[in-house]
Amino acid sequence: MEIINVFIGDKLKAFREKRKMTQEELADRINLSRASIVNMEEGRHTILLKRLYDIANVFDIEVIDFLPDEKWVEKNKGKKVRKIITYEFY
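Numbering-wise, the numbering used here comes out as the position in the sequence shown, counting from 1, plus 21.
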């Protein structure tokens, strides 16, 4: 399990709980199973960029809100953290 997946999963869970939304409700809104949401929140699966956009839209936030800041990346260097790639969409 990659630490970045756990970080994003924790953020996902926090955003969902802040909105008092169940895993089932989120799953229904983005056409996934509840099990998929559980796996994302527990960091078992890498979340596709498209899914992050879908989830961000449900929560009315930006995708970048799921990503760690430079301080977190520096703290976790050497812990199998993948480089985060920035994409621009036109």
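Just so you know, even glycine gets a beta-carbon here, dropped at the ideal spot from N, CA and C. Bear in mind that the values here come from a model prediction, so they are computed numbers and not experimental data.
Here Gly-30 carries a helix assignment [DSSP, helix/strand/coil]. Taking a C-beta distance under 8 angstroms as the contact criterion, Ile-58 and Asp-75 do not qualify as a contact pair. Burial state of Arg-40 is exposed, judged by a 10 Å Cβ sphere holding fewer than 16 other Cβ atoms. Close CB contacts of Pro-89 within its chain, under the 7 angstroms cut and outside five residues either way in sequence, are with Phe-28 (chain order).
The alpha-carbon of Glu-23 is positioned some 19 angstroms away from that of Ala-56. If you draw a straight line from the Cα of Lys-92 to the Cα of Lys-98, it comes to about 10 angstroms.
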